[in-house]
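Enquirer: There's a structure below that I have some questions on.
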Amino acid sequence: AQSVTQLDSQVPVFEEAPVELRCNYSSSVSVYLFWYVQYPNQGLQLLLKYLSGSTLVESINGFEAEFNKSQTSFHLRKPSVHISDTAEYFCAVSHRQSGAGSYQLTFGKGTKLSVIP
Amino acid sequence: DAGVIQSPRHEVTEMGQEVTLRCKPISGHDYLFWYRQTMMRGLELLIYFNNNVPIDDSGMPEDRFSAKMPNASFSTLKIQPSEPRDSAVYFCASSSSGTGGNEQFFGPGTRLTVL
Numbered sequence: 353a354q355s356v357t358q359l360d361s362q363v364p365v366f367e368e369a370p371v372e373l374r375c376n377y378s379s380s381v382s383v384y385l386f387w388y389v390q391y392p393n394q395g396l397q398l399l400l401k402y403l404s405g406s407t408l409v410e411s412i413n414g415f416e417a418e419f420n421k422s423q424t425s426f427h428l429r430k431p432s433v434h435i436s437d438t439a440e441y442f443c444a445v446s447h448r449q450s451g452a453g454s455y456q457l458t459f460g461k462g463t464k465l466s467v468i469p
Numbered sequence: 087d088a089g090v091i092q093s094p095r096h097e098v099t100e101m102g103q104e105v106t107l108r109c110k111p112i113s114g115h116d117y118l119f120w121y122r123q124t125m126m127r128g129l130e131l132l133i134y135f136n137n138n139v140p141i142d143d144s145g146m147p148e149d150r151f152s153a154k155m156p157n158a159s160f161s162t163l164k165i166q167p168s169e170p171r172d173s174a175v176y177f178c179a180s181s182s183s184g185t186g187g188n189e190q191f192f193g194p195g196t197r198l199t200v201l
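Residue numbers (our numbering), protein chains in the order written: chain A, 353 to 469; chain B, 87 to 201.
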């Protein structure tokens, strides 16, 4: 079984300040890792993902996340947030191997990021 | 591609009525997932299909809920009879085993209100 823990349910931050949203996971097998973003009244959109290779992955709008295997973490960071980043962010994990059940995503409970003008 | 399409976007019904939510996955995707999102319980996986076959329905809350996927381009989630505690946003998502990485693409959701 696998699980995802997002330690902060809400994170308020001032505009142009840096932010880190924390995500820890547990799994007995190798995993893929994802961050999804949900804007108000919308579905979830993929923000970035780690499949293999470089442990630092970036999104097109300035977010980055680093896979840390020893700490089983995949924290999301942005050096300077904008009002438009206000949204809920979900960390998710899935099994790396193929087979029944491996295509499920296990989601964390989400972190609501509020950017204050 | 138009992405995952869900209908209706909003549904208001009275307790005891039947509700049917619809989903059209992205063409070529072989996995389809139904989720429910509430403030209290967050995002819950209800059921998922692979090649139109239900694989895991352990998340379906009770017998009042049923889901079907008659073909690769259409799925329904039905609640009969509906209850106020079923009020939530229901998401459909699809993914492709062929591309690797297990990324899921979500629809815009159906906001269900049961009075």
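Glycine included, C-beta positions come from ideal geometry on N, C-alpha and C.
Using 8 Å as the threshold, is the region 106-121 of chain B in touch with the region 174-186 of chain B, meaning 3 or more CB pairs across them?
Expert: Enough Cβ pairs lie closer than 8 Å, so yes.
Enquirer: Where does S436/A fall in DSSP's three states?
Expert: Here residue 436/A corresponds to residue number 84 of the first sequence, with the count starting at 1. Three-state DSSP puts S436/A in a helix.
Enquirer: Can you give me, in chain order, the residues of the region 454-469 of chain A that have a beta carbon less than 9 Å from any beta carbon in chain B?
Expert: From the region 454-469 of chain A, only S454, Y455, Q456, L457, T458, F459, G460, K461, G462 have a Cβ closer than 9 Å to chain B.
Enquirer: Spatial neighbours of N188/B within its chain, please: CB distance less than 7 Å, with the 5 preceding and 5 following residues excluded, ordered by chain position.
Expert: Here residue 188/B is taken as the residue at index 102 of the second sequence, counted from 1. The answer, listed in chain order, is S181.
Enquirer: Count the other CB atoms, across all protein chains shown, that sit within 10 Å of the CB of M126/B; report buried if there are 16 or more and exposed otherwise.
Expert: One-based indexing of the second sequence puts residue 126/B at position 40. By the neighbour-count rule (16 or more Cβ atoms within 10 Å), M126/B is not buried but exposed.
Enquirer: Beta-carbon of Y176/B versus every beta-carbon of chain A: anything under 8 Å?
Expert: Within the second sequence, the letter at position 90 stands for residue 176/B. No, Y176/B does not count as interfacial toward chain A.
Enquirer: If contacts are defined as beta-carbon pairs under 8 Å, then E368/A and S466/A qualify, I think. What distance do you get, rounded to the angstrom?
Expert: Position 16 of the first sequence holds residue 368/A. Position 114 of the first sequence holds residue 466/A. The pair is not a contact, with the Cβ atoms about 14 Å apart (cut-off 8 Å).
Enquirer: Look at the alpha carbon of L201/B and the alpha carbon of T124/B, and state the distance between them as a whole number of angstroms.
Expert: For the purposes of this step, residue 201/B is taken as residue 115 along the second sequence, with counting starting at 1. For the purposes of this step, residue 124/B is taken as residue 38 along the second sequence, with counting starting at 1. Taking the straight line from one Cα to the other gives about 16 Å.
Enquirer: At the 8 Å Cβ level, is Y384/A part of the contact set with chain B, yes or no?
Expert: Position 32 of the first sequence holds residue 384/A. Answer yes: the Cβ-Cβ gap between Y384/A and chain B drops below 8 Å somewhere.
Enquirer: Beta-carbon of N157/B versus every beta-carbon of chain A: anything under 8 Å?
Expert: Counting from 1 along the second sequence, the entry for residue 157/B is found at position 71. With 8 Å as the cut-off, N157/B does not count as an interface residue toward chain A.
Enquirer: Pull up the DSSP beta-bridge partners for L428/A, would you.
Expert: In the first sequence, the residue the question calls residue 428/A occupies position 76. According to DSSP, which records beta bridges pairwise, L428/A is partnered with L373/A, A417/A.
Enquirer: From what residue to what residue does the beta strand (DSSP E) around G128/B run?
Expert: Here the question's residue 128/B lines up with position 42 in the second sequence. 128-136 is the extent of the beta strand (DSSP E) around G128/B.
Enquirer: Among residues of its own chain, excluding the 5 on either side of E97/B, which ones have a beta-carbon nearer than 8 Å to its beta-carbon?
Expert: Along the second sequence, one-based indexing puts residue 97/B at 11. So the qualifying residues of the chain are V105, L107, T196, R197, L198, T199.
Enquirer: Can you tell which of G414/A, P392/A, S406/A has the C-alpha that lies nearest to the C-alpha of L399/A?
Expert: Within the first sequence, numbered from 1, the residue matching residue 399/A stands at position 47. For L399/A, the nearest C-alpha among the options comes from G414/A.
Enquirer: With DSSP run on the structure shown, which of helix, strand or coil describes P111/B?
Expert: Numbered from 1 along the second sequence, position 25 holds the residue referred to as residue 111/B. P111/B: coil per DSSP, three-state reduction.
Enquirer: Just reading off the beta strand (DSSP E) that V175/B is part of, what are its end residues?
Expert: As a first step, residue 175/B is located in the second sequence; it is residue number 89 there, counting from the start. Segment 174-181, the beta strand (DSSP E) holding V175/B.
Enquirer: How long is the line joining the alpha carbons of F386/A and V371/A, rounded to whole angstroms?
Expert: By 1-based counting over the first sequence, the position of residue 386/A is 34. By 1-based counting over the first sequence, the position of residue 371/A is 19. Whole-angstrom Cα-Cα distance: 18 Å.
Enquirer: Tell me whether P364/A sits in a helix, a strand or coil according to DSSP, three-state version.
Expert: As a position in the first sequence, residue 364/A is number 12, starting the count at 1. P364/A: strand per DSSP, three-state reduction.
Enquirer: Counting contacts by CB-CB distance shorter than 8 Å, is S93/B in contact with chain A?
Expert: Working through the second sequence from its first residue, we reach residue 93/B at position 7. No, no contact with chain A.
Enquirer: Under 8 Å by Cβ, that's how I've got L129/B and Y117/B pegged, so tell me the actual separation to the nearest angstrom.
Expert: Indexing the second sequence from 1 puts residue 129/B at position 43. Indexing the second sequence from 1 puts residue 117/B at position 31. With 8 Å as the limit, L129/B and Y117/B do not qualify as a contact, their Cβ atoms being about 17 Å apart.
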